[in-house]
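1 is the number of the first residue of the sequence shown in UniProt numbering; add one for each residue after it.
No residue lacks a Cβ here, since even glycine has one placed at the ideal position from N, Cα and C.
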Amino acid sequence: MWAKGATSGVTVAGGNGKGTALNQIGACQGLFVHEETNALFISDFYNDRIVKWIPEKGEGMIVAGTGSGGPKADQLSGPRGIFIDKCETIYIADLWNNRIQKWEKNATQGITVAGGNGKGVADNQLNSPWDVEVDRYGNIYVADTDNSRIVKWGPNSTVGVQLATGNAPTTGRGPFSDVYSIGFDKEGNLFTSEKRNNRIQQFNIMPETNTC
1 MWAKGATSGV TVAGGNGKGT ALNQIGACQG LFVHEETNAL FISDFYNDRI VKWIPEKGEG
61 MIVAGTGSGG PKADQLSGPR GIFIDKCETI YIADLWNNRI QKWEKNATQG ITVAGGNGKG
121 VADNQLNSPW DVEVDRYGNI YVADTDNSRI VKWGPNSTVG VQLATGNAPT TGRGPFSDVY
181 SIGFDKEGNL FTSEKRNNRI QQFNIMPETN TC
């Protein structure tokens with residue numbers, strides 16, 4: 001953690017070498033600081049788990065996944081981007097399972113809320129999702145990296161809608177190239193980072209997004 005104006009950082013999680021112990025991190029591929037509780041959530045990629053760090057204990061607590069990779073409801077396989085809502089419900093970009101998993105607080109297994117129908121380009125599929133964001137109305141936005149697109153899944157939807165230009169949905173492959181991360185500002189604008197296009201893009205969300 002680097003405090004505002006600081007000239008050096010302070011280790012607040014891990015720092016005990018690469019490993020599987022609760023005071024270690026295999027590879028941090030996603031990070032989320034919960035604004036209301038200030039809790040730190042870490043996507044521990046190589047350990048196939050999400051941990052909530054407990055500073056006073058100097059270790060993490062597994063809150064999603066088993067630590068053993070796989071496709072079951074209680075497992076993850078290469079978790080990357082994460083989003084946590086105000087109730088500490090966790091949304092996980094489950095990379096190698098090509099799905100987004102939703103884990104309620106204290107749940108022992110996740111629920112697939114996007115993808116999970118094998119790797120592919122169909123409306124009900126994902127291909128190596130790297131990041132996930134959720135808006136105030138429960139719409140799920142996915143950085144569908146190997147499909148080079150951003151897909152929006154409405155609450156309880158079984159298929160996604162591709163966002164291609166920010167103001168109209170289209171079908172097929174989007175105009176992105178390896179979109180890796182996404183995020184919202186306080187006005188609801190969507191930002192994307194693209195590796196191969198060497199750029200950050202801002203999109204005004206479609207009008208229908210701003211309804212419950």
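| query | result |
| --- | --- |
| Touch test, the stretch 33-48 against the stretch 126-146, Cβ-Cβ under 8 angstroms, three pairs minimum | no |
| T112 (DSSP reduced to helix, strand or coil) | strand |
| DSSP bridge partner residues for Y141 (one or two, in chain order) | E133 and K152 |
| Bridge-paired residues (DSSP) for D94 | P79 and R99 |
| N- and C-terminal bounds of the beta strand (DSSP E) containing A64 | E59 to A64 |
| Spatial neighbours of K105 in its chain, beta-carbon cut-off 7 angstroms, leaving aside the 5 residues before and after | C87, E88 and T89 |
| Own chain residues within Cβ distance below 7 angstroms of R80, not counting five before or after | Q29, G30, S43, F45, A93, L95, W130 and D131 |
| Straight-line gap, P175 to V10 (C-alpha atoms, nearest Å) | 40 angstroms |
| Exposure label - I100; buried when at least 16 CB within 10 Å | buried |
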